[in-house]
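Asker: Protein chains in written order, with our numbering: chain A, 19 to 320; chain B, 19 to 320.
In this text, a Cβ means the ideal position worked out from N, Cα and C, and glycines have one as well.
I have a structure here, written as structure tokens, and I will follow up with some questions on it.
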């Protein structure tokens, strides 16, 4: 198992000198995933030494400029620097048309395949699965269709209980039988798998909650995340502005983390009005202690 | 008269850590103009302390991503930070449709007016004029419709020849008569304006030649520029690549400067393959000595 999350851009709407607009790079069991791709993401990838040719997935939360405008330049640069492998892009409706019009106008012909997966689901939905990872999308509550993403490790196989193996003197073939869920007949005795196996480790779960008003339904969809990112554009004292623009406060993000029993919370997408994150951190910590305000270039490991 | 050119991005196609993609900011007699707007231009404007709300013109040379993809984020940021004054955007066909689809998808409604001027001319054409400045567009030779821009100061009025004024003992009213081009009757003598006036100073001229193969016709359109910017993506030894991608070499740019009698040449849009500009400079200087390789953040005054 490997897990590394790199914050490429932690700002909201208008980029500042310290915070690029939203993008995060995720390496989850060697699946290389870009979550959102605001303007300048290709430069941030270079700056933080992420090889963009190895990206397999590009997940876009919603089609507000600060979350997707970097996609055209990134796709073109991938092409110019020799990409041939397929890229899968997941987004709400409309992105394929934007990409196609852009490239038609610029007369860009990609040498690699893009698979567009469009999500329109009203509930949590599986969008990708392989032997190590499942990716789910679920709807947020924003001014345009917006999705959160949950990255969930596939269930692990049970661990072998070494003491019991020794006690029953099981052979390698018999252990494999137990791991397949089959009973073992040994010296006239029936040994069931749960007598010689320990419960598997809990699969790893990372959840990315992009722009949204506080949404109670999230709690069910994102429960027990090892790491939860949730936007926190404003402080509670800017609640009116948060409601008008359909964003969360630091307290909102903390409530979601608390109710969904997250282990750790990352907050970001801070309005440029906040010169530092002290008050945002303080507000969130009052509700959920294990919280971090992300900065461009931060890396989080599990 | 005031003139300042700021290089916001000096690279080609794929941005590097040292060179952003193309954009230049021009303050010409207090007319504030952005020439090209590659991805990340709004960040470069901040970095080099140019107030983007004061921009009046946005001129796009052509619709390859490295020359225009920053426009959507810049227009949105102008809106979010309170712009109400009109912006004029000049470009080849297609940009208006891209901007409109982008904002329709993002549900962005601008609080300021954009005037789109679309250029399709096959020769040098006036696209804007006021009392201090004329802007002309002229076609380059590239893979998509591409335009160069010439910024020309309006003709100045003649200078008064102080010695002759003294000799003829002209009054203020009589001097004004001469400046209007009228003959003066003085003590029975007819004095023509050219007897008491000196020829006006040459109007200032800055020319921006974006992506193009070597194009001889430019020489006539851009003659006698005080400052000429011409792209120089490659060295002569990459001539084949230059032809295939329809770009110029440093020698091509220098030939255009020499034949058009420019006073000073700036070259840029260097391919990321060149780690430094020594050879590009050397190649150009052999043909046209007064040449500079531009860097992000450079400022040029006249």
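Judging by CA-CA distance, which residue of B:305, B:166, B:193, B:62 is the nearest neighbour of residue 24 of chain B?
Answerer: By one-based count along the second chain, residue 24 of chain B stands at place 6. Closest option to residue 24 of chain B, Cα to Cα, is B:62.
Asker: In chain B, which residues lie less than 8 Å from residue 161 of chain A when you measure between Cβ atoms?
Answerer: For the purposes of this step, residue 161 of chain A is identified with residue 143 of the first chain, where counting begins at 1. Within 8 Å Cβ-Cβ: 125.
Asker: Check whether the region 256–263 of chain B touches the region 235–243 of chain B, counting contact only when three or more Cβ pairs, one atom from each stretch, lie closer than 8 Å.
Answerer: Output reads no: the region 235–243 of chain B does not touch the region 256–263 of chain B.
Asker: For residue 229 of chain A and residue 82 of chain A, which I take to be in contact (beta-carbon distance under 8 Å), what is that distance rounded to the nearest angstrom?
Answerer: By one-based count along the first chain, residue 229 of chain A stands at place 211. By one-based count along the first chain, residue 82 of chain A stands at place 64. Correct: roughly 7 Å between the Cβ atoms.
Asker: Could you give the DSSP three-state label for residue 155 of chain B: helix, strand or coil?
Answerer: Translated into the one-based positions of the second chain, residue 155 of chain B becomes position 137. Residue 155 of chain B: strand per DSSP, three-state reduction.
Asker: Would you tell me roughly how many angstroms separate the C-alpha atoms of residue 15 of chain B and residue 215 of chain B, rounded to the nearest one?
Answerer: Given that chain B is displayed from residue 19 to residue 320, the structure contains no residue 15 of chain B and the question cannot be resolved.
Asker: Under a three-way DSSP split, which group does residue 195 of chain A fall into?
Answerer: Against the first chain, residue 195 of chain A aligns to sequence position 177. Three-state DSSP puts residue 195 of chain A in a helix.
Asker: Using a Cβ-Cβ cut-off of 7 Å (strictly less than) and excluding sequence neighbours within five positions of residue 208 of chain B, which residues of its own chain qualify?
Answerer: Position 190 of the second chain, counting from 1, holds the residue named residue 208 of chain B. Result list for residue 208 of chain B: 201, in chain order.
Asker: Under 9 Å, Cβ to Cβ, is there at least one residue of chain A near residue 244 of chain B?
Answerer: The count along the second chain starts at 1 and reaches residue 244 of chain B at position 226. With 9 Å as the cut-off, residue 244 of chain B does not count as an interface residue toward chain A.
Asker: Which residues, in chain order, does the region 69–97 of chain A contribute to contact with chain B at a C-beta distance below 8 Å?
Answerer: The region 69–97 of chain A vs chain B, Cβ under 8 Å: 81, 82, 83, 84, 87, 88, 90, 91, 94, 95.
Asker: Which chain B residues are close to residue 33 of chain A, counting only those with a beta carbon under 7 Å from its beta carbon?
Answerer: Taking the first residue of the first chain as position 1, residue 33 of chain A is located at position 15. In chain order: 60, 61.
Asker: Do you know how far the Cα of residue 141 of chain A is from the Cα of residue 157 of chain A?
Answerer: As a working mapping, residue 157 of chain A is identified with position 139 in the first chain. As a working mapping, residue 141 of chain A is identified with position 123 in the first chain. C-alpha separation (whole angstroms): 6 Å.
Asker: DSSP beta-bridge partners for residue 165 of chain B?
Answerer: Along the second chain, read from residue 1 onward, the residue named residue 165 of chain B stands at position 147. Looking at the DSSP assignment, residue 165 of chain B forms a beta bridge with B:157.
Asker: For the beta strand (DSSP E) that residue 286 of chain B lies in, which residues bound it at each end?
Answerer: Residue 286 of chain B sits at position 268 when you count from the first residue of the second chain. Its beta strand (DSSP E) spans residues 283–286.
Asker: Name the DSSP bridge partner or partners of residue 75 of chain A?
Answerer: Position 57 of the first chain, counted from the first residue, corresponds to residue 75 of chain A. The partner list for residue 75 of chain A (beta bridge, DSSP) reads A:51, A:106.
Asker: Give the range of the beta strand (DSSP E) segment to which residue 23 of chain B is assigned.
Answerer: Residue 23 of chain B sits at position 5 when you count from the first residue of the second chain. Counting along the chain, the beta strand (DSSP E) containing residue 23 of chain B begins and ends at 21–27.
Asker: Verify whether the separation of the beta carbon atoms of residue 108 of chain A and residue 89 of chain A is less than 9 Å.
Answerer: Position 90 of the first chain holds residue 108 of chain A. Position 71 of the first chain holds residue 89 of chain A. Contact flag unset, no.
Asker: State the DSSP-derived secondary structure class of residue 45 of chain B, mapped to helix, strand or coil.
Answerer: Here residue 45 of chain B is taken as the residue at index 27 of the second chain, counted from 1. The answer is strand: DSSP assigns residue 45 of chain B an E or B state.
Asker: Identify the continuous beta strand (DSSP E) that holds residue 225 of chain B and give its terminal residues.
Answerer: Counted from its first residue, the second chain places residue 225 of chain B at position 207. Residue 225 of chain B -> beta strand (DSSP E) spans 223–227.
Asker: So, helix, strand or coil for residue 178 of chain A, using DSSP?
Answerer: Numbered from its first residue, the first chain carries residue 178 of chain A at position 160. The answer is strand: DSSP assigns residue 178 of chain A an E or B state.
Asker: Taking the beta strand (DSSP E) that residue 310 of chain A belongs to, which residues open and close that run?
Answerer: Here the question's residue 310 of chain A lines up with position 292 in the first chain. Residue 310 of chain A -> beta strand (DSSP E) spans 309–311.
Asker: Give the DSSP-derived three-state secondary structure of residue 127 of chain B in the structure shown.
Answerer: Mapped onto the second chain, residue 127 of chain B falls at position 109. Residue state, collapsed to three classes: coil.
Asker: Grouping DSSP H, G and I as helix and E and B as strand, with all else coil, what is residue 190 of chain A?
Answerer: For the purposes of this step, residue 190 of chain A is taken as residue 172 along the first chain, with counting starting at 1. Helix at residue 190 of chain A.
Asker: Going along chain B, which residues have a C-beta under 8 Å from residue 303 of chain A?
Answerer: In the first chain, residue 303 of chain A corresponds to position 285, counting from 1. Chain B residues near residue 303 of chain A: none, gap ~29 Å exceeds 8 Å.
Asker: At which residue ranges does the region 212–300 of chain B contain complete alpha helix (DSSP H) runs of 4 or more residues, listed in the order of the chain?
Answerer: Listed in chain order, the complete alpha helix (DSSP H) runs (minimum 4 residues) inside the region 212–300 of chain B are 236–239, 257–263, 268–277.
Asker: Using 8 Å as the Cβ pair cut-off and three pairs as the minimum, do the region 146–154 of chain A and the region 109–124 of chain A touch?
Answerer: Contact between the region 146–154 of chain A and the region 109–124 of chain A is absent, because fewer than three Cβ pairs lie under 8 Å.
Asker: In whole angstroms, what is the alpha-carbon distance linking residue 35 of chain A and residue 293 of chain A?
Answerer: The residue you call residue 35 of chain A lines up with position 17 of the first chain. The residue you call residue 293 of chain A lines up with position 275 of the first chain. The straight-line gap from Cα to Cα measures roughly 11 Å.
Asker: Taking the C-alpha atoms as reference points, what is the distance between residue 50 of chain A and residue 72 of chain A?
Answerer: Taking the first residue of the first chain as 1, we reach residue 50 of chain A at position 32. Taking the first residue of the first chain as 1, we reach residue 72 of chain A at position 54. Approximately 7 Å, taken between the alpha carbons.
Asker: Could you tell me which chain A residues have their CB closer than 7 Å to the CB of residue 65 of chain B, listed as they occur along the chain?
Answerer: The residue labelled residue 65 of chain B in the question sits at position 47 within the second chain. The contacting residues are 35.
Asker: Given this structure, state the Cα-to-Cα distance separating residue 92 of chain A from residue 224 of chain B, to the nearest angstrom.
Answerer: Counting from one through the first chain, the residue named residue 92 of chain A turns up at place 74. Counting from one through the second chain, the residue named residue 224 of chain B turns up at place 206. If I take the Cα positions, the gap works out to 33 Å.
Asker: Can you have a look at residue 30 of chain A and say buried or exposed, based on whether 16 or more other CB atoms are within 10 angstroms of its CB?
Answerer: Here residue 30 of chain A is taken as the residue at index 12 of the first chain, counted from 1. Flag for residue 30 of chain A reads buried.
Asker: Alpha carbon to alpha carbon, what distance is there between residue 37 of chain B and residue 97 of chain A?
Answerer: The residue you call residue 97 of chain A lines up with position 79 of the first chain. The residue you call residue 37 of chain B lines up with position 19 of the second chain. Whole-angstrom Cα-Cα distance: 19 Å.
Asker: Span of the alpha helix (DSSP H) holding residue 98 of chain A?
Answerer: For this step, residue 98 of chain A is matched to residue 80 along the first chain. Start and end: 89–98.
Asker: Residues in its own chain within less than 6 Å of residue 246 of chain B by CB, not counting five upstream and five downstream?
Answerer: Position 228 of the second chain, counted from the first residue, corresponds to residue 246 of chain B. Answer for residue 246 of chain B: 225, 275, 280, 283, listed in chain order.
Asker: List, in chain order, every chain B residue whose beta-carbon is nearer than 8 Å to that of residue 99 of chain A.
Answerer: Sequence index remark: in the first chain, residue 99 of chain A carries index 81 (1-based). The contacting residues are 32.
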